[in-house]
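Scroll down for the structure; my scribbles are underneath it.
2 protein chains.
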Amino acid sequence: MFFDPLEGLARQDLENLQGVRLRHVVSQSANSPLYARIFEEHGLQADQVQGLDDLPRLPFTGKEDLRASYPGGMLCRPMEEMVRLHASSGTTGAATVVFHTANDIQTWADLVARCFHMVGVRPHDVFQNMSGYGLFTGGLGIHYGAERLGCLTIPAGAGNSKRQIKLLRDFRVTVIHIIPSYALHLATVFDSLGVNLEDLHLKTALIGAEPHSEQIRKRIEELYGVKAYNSYGLSEMNGPGVAFECPEQNGMHIWEDAFLAEIIDPVTLEPVPEGEVGELVLTTLTREGMPILRYRTRDLTRFIPGECPCGRTHRRIDRILGRSDDMIIIKGVNIFPMQVERVLMAIPEVGQNYLIVLERQGYLDQFKVQVEVKSEFFVEDMRVLKKLQDRITGMLRDELLITPKVELVEARSLPCSDGKAQRVCDLRGQ
Amino acid sequence: MFFDPLEGLARQDLENLQGVRLRHVVSQSANSPLYARIFEEHGLQADQVQGLDDLPRLPFTGKEDLRASYPGGMLCRPMEEMVRLHASSGTTGAATVVFHTANDIQTWADLVARCFHMVGVRPHDVFQNMSGYGLFTGGLGIHYGAERLGCLTIPAGAGNSKRQIKLLRDFRVTVIHIIPSYALHLATVFDSLGVNLEDLHLKTALIGAEPHSEQIRKRIEELYGVKAYNSYGLSEMNGPGVAFECPEQNGMHIWEDAFLAEIIDPVTLEPVPEGEVGELVLTTLTREGMPILRYRTRDLTRFIPGECPCGRTHRRIDRILGRSDDMIIIKGVNIFPMQVERVLMAIPEVGQNYLIVLERQGYLDQFKVQVEVKSEFFVEDMRVLKKLQDRITGMLRDELLITPKVELVEARSLPCSDGKAQRVCDLRGQ
Ligand SMILES: [Zn+2]
Ligand SMILES: [Zn+2]
Numbered sequence: 002m003f004f005d006p007l008e009g010l011a012r013q014d015l016e017n018l019q020g021v022r023l024r025h026v027v028s029q030s031a032n033s034p035l036y037a038r039i040f041e042e043h044g045l046q047a048d049q050v051q052g053l054d055d056l057p058r059l060p061f062t063g064k065e066d067l068r069a070s071y072p073g074g075m076l077c078r079p080m081e082e083m084v085r086l087h088a089s090s091g092t093t094g095a096a097t098v099v100f101h102t103a104n105d106i107q108t109w110a111d112l113v114a115r116c117f118h119m120v121g122v123r124p125h126d127v128f129q130n131m132s133g134y135g136l137f138t139g140g141l142g143i144h145y146g147a148e149r150l151g152c153l154t155i156p157a158g159a160g161n162s163k164r165q166i167k168l169l170r171d172f173r174v175t176v177i178h179i180i181p182s183y184a185l186h187l188a189t190v191f192d193s194l195g196v197n198l199e200d201l202h203l204k205t206a207l208i209g210a211e212p213h214s215e216q217i218r219k220r221i222e223e224l225y226g227v228k229a230y231n232s233y234g235l236s237e238m239n240g241p242g243v244a245f246e247c248p249e250q251n252g253m254h255i256w257e258d259a260f261l262a263e264i265i266d267p268v269t270l271e272p273v274p275e276g277e278v279g280e281l282v283l284t285t286l287t288r289e290g291m292p293i294l295r296y297r298t299r300d301l302t303r304f305i306p307g308e309c310p311c312g313r314t315h316r317r318i319d320r321i322l323g324r325s326d327d328m329i330i331i332k333g334v335n336i337f338p339m340q341v342e343r344v345l346m347a348i349p350e351v352g353q354n355y356l357i358v359l360e361r362q363g364y365l366d367q368f369k370v371q372v373e374v375k376s377e378f379f380v381e382d383m384r385v386l387k388k389l390q391d392r393i394t395g396m397l398r399d400e401l402l403i404t405p406k407v408e409l410v411e412a413r414s415l416p417c418s419d420g421k422a423q424r425v426c427d428l429r430g431q
Numbered sequence: 002m003f004f005d006p007l008e009g010l011a012r013q014d015l016e017n018l019q020g021v022r023l024r025h026v027v028s029q030s031a032n033s034p035l036y037a038r039i040f041e042e043h044g045l046q047a048d049q050v051q052g053l054d055d056l057p058r059l060p061f062t063g064k065e066d067l068r069a070s071y072p073g074g075m076l077c078r079p080m081e082e083m084v085r086l087h088a089s090s091g092t093t094g095a096a097t098v099v100f101h102t103a104n105d106i107q108t109w110a111d112l113v114a115r116c117f118h119m120v121g122v123r124p125h126d127v128f129q130n131m132s133g134y135g136l137f138t139g140g141l142g143i144h145y146g147a148e149r150l151g152c153l154t155i156p157a158g159a160g161n162s163k164r165q166i167k168l169l170r171d172f173r174v175t176v177i178h179i180i181p182s183y184a185l186h187l188a189t190v191f192d193s194l195g196v197n198l199e200d201l202h203l204k205t206a207l208i209g210a211e212p213h214s215e216q217i218r219k220r221i222e223e224l225y226g227v228k229a230y231n232s233y234g235l236s237e238m239n240g241p242g243v244a245f246e247c248p249e250q251n252g253m254h255i256w257e258d259a260f261l262a263e264i265i266d267p268v269t270l271e272p273v274p275e276g277e278v279g280e281l282v283l284t285t286l287t288r289e290g291m292p293i294l295r296y297r298t299r300d301l302t303r304f305i306p307g308e309c310p311c312g313r314t315h316r317r318i319d320r321i322l323g324r325s326d327d328m329i330i331i332k333g334v335n336i337f338p339m340q341v342e343r344v345l346m347a348i349p350e351v352g353q354n355y356l357i358v359l360e361r362q363g364y365l366d367q368f369k370v371q372v373e374v375k376s377e378f379f380v381e382d383m384r385v386l387k388k389l390q391d392r393i394t395g396m397l398r399d400e401l402l403i404t405p406k407v408e409l410v411e412a413r414s415l416p417c418s419d420g421k422a423q424r425v426c427d428l429r430g431q
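Chains as they are written, first to last, in this note's numbering: chain B, 2 to 431; chain W, 2 to 431.
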């Protein structure tokens, strides 16, 4: 039924396994220059971590630690045992680099294969991978998983829409891996080639690598006539294969035998109550070459409470709701631009752009939101505008739990550079 | 000593193995729609091919057969057994597609690993692959070979020169796979980054995917402070891993346990005498999913006679000398533009461009070569030019065995479109 029996392991057994693996990974980590130093700074002995209960003893690891240990300061085995390296792009500054042993590559492929199998992909499927290959983990990571499962894999890579569609049609592709925004674009090319959905044999889309809403998923499902499943991963934790939706399409099972997951308040660094939104923190439990302890992903999500009807015991996380590095703290309240956006974009009168302005008046912080109003609604009648303003204020207050000052402005009047809107303007100084 | 003991197999044993494998692959091929039809057209039964002596009974396969059998007409096993597909680029018309089973991928990786090992690459090496990944075979084909050997592989992919150099330096890369023309370009970027050869740890370059001269190899060796080894492959025969230079740097050993090689006269289709130039014809001996029989590669080369001091028994082919599709037949003589080019480019007075013009006068074909002369040599004195003209005519006659009519023209006077010179102008009509 499951690709790996571990997927259905009783919760207590899973946690016991995590405890054993955590102890092992902490003792291994101590062999890396970075963790040797960090443990020493914290007066921590690796053998003080005997199980899950000792997790809070471990310091967090951040992207800055990965950068500072560039190029090889996080390896806990000799470089000769490494067989693969992936790196974040970036030509300036130190890139984030992750090394893998042969076993790590194997384990990663197994985790990705588990994701494919979970949503019904089988060896007879024809799979087209539209992620870029190379140092980016989405290409090779997904590729090895599909190969592990035994699909016919078409390593199409990114771009070249006409060829993508030709491959989809000619090889009767049944499963695709595609970035959501590219999926929306690619669908617009179908018409120009005279290709219809009926010419294709698609049934499943694996979508990941960028956050997207439920609406986007629905749209992709309609455009391609498929079931679309959300994928979560980050290169620091291999890449794809960290968490993946099951057929219930209600949250992504995080593979807890391989990744120990916590969700913390990004300010207090304490765990949030079960079900509440916070920052996802991950510890690798099986990686040999370069384990990472309590890595602050900066991705905001929540554990979905309760058991999943699919029978898998691994907890589910919600789709990524934003980044903790975007977080605004005002009057002691944490606010994310994504929350403001979600409220505003549901209001028909609101135009394309908005701007969050943070000001200080005396000792008091002010939270102001400038909102573009579509020209057809930007009328002379001040009473109409006042009503709209009150409505927006109320909706934002319900979401954010503080009352913003809302200003309505004309369409296309807010700053916008390089086509990319500025979302937050912090005038509070330091 | 060898990665695979088969590399040193006694010649007679190797040929016996080829005979057994040929018989097997022919019987398997008969299961594919294409070969079932071809065998029937030729009145051939698969069991009529019992060994190497029966090779001439088999018809040749051409690129046109691959195109005509698109997308799956050359498979001799069910599509479900295929795990990989590679395709030539081309968005219009039918692409050339090759399918692989899991065993085929494994065998391919073994062959590439053999190439790496032959030139001294070992598991402790750090290998940067600068070939494009995806449907192009140079990326994944080389990648799997390096992984099979156990190197630390950096899947850099093509382009992004600054990042390539940063990776070379920061990860102390010892081995690179690079296209010769890109190697020359990349070296020009070193200076602008303030990187010297002394900052690098390179020792070996694997160069392939495009024909190049001995001079280019020497230049790459100087620029990078490495030994550079020539690689030969084509996507129809997997990709890289068909033939590769040994440390002698005198011809590429063709892995004859996996590929049965012939060199034929492209006109008579008969074998050329040992050591003479002709078209390379290859038969896959180990491929399960999509065997190809007597494939006309259109690549021109020769077997290098004699045994190689390295002890490998697999015959060597010379670097690729041109393409048989470029071949000109005039007065019953086969001429390749590359031959004309080699002669002309060794003459100091000759400029950048030349043009071969084929004309018919009455019933007689005329072979004319227009040659640009560098402006400093294009003097008023007709006697000087006449002497140059006679010298060029004599040198071309010595190479081509027919006497061309040579016309000297001014520098930059010959047609040149899109920066790419036109080399042959055939005015003979049909
Ligand atoms: Zn589930
Ligand atoms: Zn040799």
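Positions of the beta carbon are idealized from the N, C-alpha and C atoms, including for glycine. Since we're looking at a predicted model, the values are computed, not measured.
Query raised in the report: Going along chain W in order, which residues have a C-beta closer than 7 Å to the C-beta of V120 (chain B)?
Result: None at all; the shortest Cβ gap to chain W is about 19 Å.
Query raised in the report: Excluding five sequence neighbours on each side, which residues of the same chain lie with their C-beta closer than 6 Å to the C-beta of E289 (chain W)?
Result: Within the same chain, T102, N104, D105 come within 6 Å of E289 (chain W) by CB-CB distance, once the 5 residues on both sides are set aside.
Query - Selection of the region 13-38 of chain B by Cβ proximity to chain W, strictly under 9 Å - result: Cβ contacts with chain W come from no residue of the region 13-38 of chain B.
Requested in this report: Provide the residue span of the beta strand (DSSP E) that contains N130 (chain B), from first to last.
Outcome: Unbroken beta strand (DSSP E) run through N130 (chain B): 127-130.
Query raised in the report: Are H315 (chain W) and I255 (chain W) closer than 8 Å when you measure CB to CB?
Result: It is a contact, given that the beta carbons lie within the stated cut-off.
Query raised in the report: Any idea if V282 (chain W) is buried or exposed, counting beta-carbon neighbours within 10 angstroms, 16 or more meaning buried?
Result: V282 (chain W) should be labelled buried.
Report task. Counting only the same chain and skipping the five closest in sequence on each side, list residues whose C-beta sits under 6 Å from that of A88 (chain B). Result -> So the qualifying residues of the chain are A96, V98, L136.
**Report entry** E257 (chain B) CB to nearest heavy atom of ligand 1 below 7 Å
**Finding:** Every heavy atom of ligand 1 is 7 Å or more from the Cβ of E257 (chain B), so no.
Query raised in the report: Out of curiosity, what's the CA-to-CA distance linking C311 (chain W) and M328 (chain W)?
Result: Between C311 (chain W) and M328 (chain W), the alpha-carbon positions lie close to 34 Å from each other.
Query raised in the report: Skipping 5 residues on each side, what residues in its chain have a beta carbon closer than 7 Å to that of G52 (chain B)?
Result: So the qualifying residues of the chain are G20, L23, R24.
Query raised in the report: Residues bridged to S232 (chain W) by DSSP?
Result: Answer by DSSP bridge pairing, in chain order: W:F245.
**Report entry** Span of the beta strand (DSSP E) around Y355 (chain B)
**Finding:** 351-362 is the extent of the beta strand (DSSP E) around Y355 (chain B).
Report task. Report yes if the CB atom of G209 (chain W) is closer than 8 Å to the CB atom of S232 (chain W), and no otherwise. Result -> Pairing G209 (chain W) with S232 (chain W) gives a Cβ-Cβ distance under 8 Å.
**Report entry** Among B:P267, B:G240, B:G234, nearest to M253 (chain B) - alpha-carbon criterion
**Finding:** Of the residues B:P267, B:G240, B:G234, the one whose Cα lies closest to the Cα of M253 (chain B) is B:G234.
Query raised in the report: Are V176 (chain B) and V122 (chain B) closer than 8 Å when you measure CB to CB?
Result: Taking 8 Å as the Cβ cut-off, V176 (chain B) and V122 (chain B) qualify as a contacting pair.
Query - Through-space distance from L168 (chain W) to M1 (chain W), alpha-carbon basis - result: Since the first residue of chain W shown is 2 and the last is 431, residue 1 (chain W) is not available in this structure.
Query raised in the report: In chain order, what residues have a CB nearer than 6 Å to some heavy atom of ligand 1?
Result: That query returns the following residues: B:C247, B:E249, B:H254, B:C309, B:C311, B:R313.
Report task. List the DSSP bridge partners of H87 (chain B). Result -> DSSP output for H87 (chain B) lists B:V99 as bridge partner(s).
**Report entry** chain B contacts made by the region 158-174 of chain W, where a contact means CB separation under 8 Å
**Finding:** The residues in question are G158, N161, K163, R164, K167, L168, D171, F172.
Query raised in the report: What are the boundary residues of the alpha helix (DSSP H) that E223 (chain B) is part of?
Result: Boundaries of the alpha helix (DSSP H) harbouring E223 (chain B): 215-225, taken from the DSSP string.
Query raised in the report: Of the choices W:G352, W:T284, W:L201, whose alpha-carbon is the least far from that of P57 (chain W)?
Result: Out of W:G352, W:T284, W:L201, W:T284 has the C-alpha closest to the C-alpha of P57 (chain W).
Requested in this report: Please list the partners that E148 (chain W) has in chain B, where partner means a Cβ-to-Cβ separation under 9 Å.
Outcome: Neighbours of E148 (chain W) across chain B, judged by C-beta separation under 9 Å: V84, R85, A103, I106.
**Report entry** Beta carbon proximity, T154 (chain W) to chain B, threshold 8 Å
**Finding:** By this cut-off, T154 (chain W) is an interface position.
**Report entry** L224 (chain B) vs A188 (chain B) beta-carbon contact at 8 Å
**Finding:** Contact: yes.
Query raised in the report: What is the residue span of the beta strand (DSSP E) that T189 (chain W) lies within?
Result: DSSP places T189 (chain W) in no beta strand (DSSP E) but in the uninterrupted alpha helix (DSSP H) bounded by 181-193.
Requested in this report: Look up L345 (chain W) in the DSSP assignment and give the residues it is bridged to.
Outcome: Beta-bridge annotation (DSSP): L345 (chain W) is not paired with any residue.
Report task. Examine chain B for any beta-carbon lying closer than 8 Å to the beta-carbon of E81 (chain W), and answer yes or no. Result -> Contact of E81 (chain W) with chain B is assigned, a C-beta pair being separated by under 8 Å.
Query raised in the report: In its own chain, which residues sit with a C-beta less than 8 Å from the C-beta of E360 (chain W), not counting the 5 before and 5 after it?
Result: Correct list, in chain order: D366, Q367, K369, L428, R429.
Query raised in the report: Name the DSSP bridge partner or partners of N335 (chain B)?
Result: N335 (chain B) pairs with B:I330.
Query - 8 Å Cβ cutoff met for L1 (chain B) and L270 (chain B) - result: The requested residue 1 (chain B) is not part of the displayed model; chain B covers only 2 to 431.
Query raised in the report: Okay, do the region 28-35 of chain W and the region 389-405 of chain B touch, 3+ Cβ pairs below 8 Å being the bar?
Result: Touching, no, given that fewer than three Cβ pairs across the two stretches are closer than 8 Å.
Report task. Determine the chain B residues that contact H213 (chain W) at a beta-carbon separation under 9 Å, and present them in chain order. Result -> Under the 9 Å cutoff, chain B gives no residues; its nearest Cβ is about 24 Å from H213 (chain W).
Requested in this report: Note the first and the last residue of the continuous beta strand (DSSP E) segment covering Y134 (chain B).
Outcome: If you look at Y134 (chain B), you'll find it isn't in any beta strand (DSSP E); DSSP assigns it neither H nor E.
Query raised in the report: Thinking C-alpha only, which one of W:Y230, W:V120, W:V273 is nearest T302 (chain W)?
Result: Between T302 (chain W) and the set W:Y230, W:V120, W:V273, the nearest pair of CA atoms involves W:V273.
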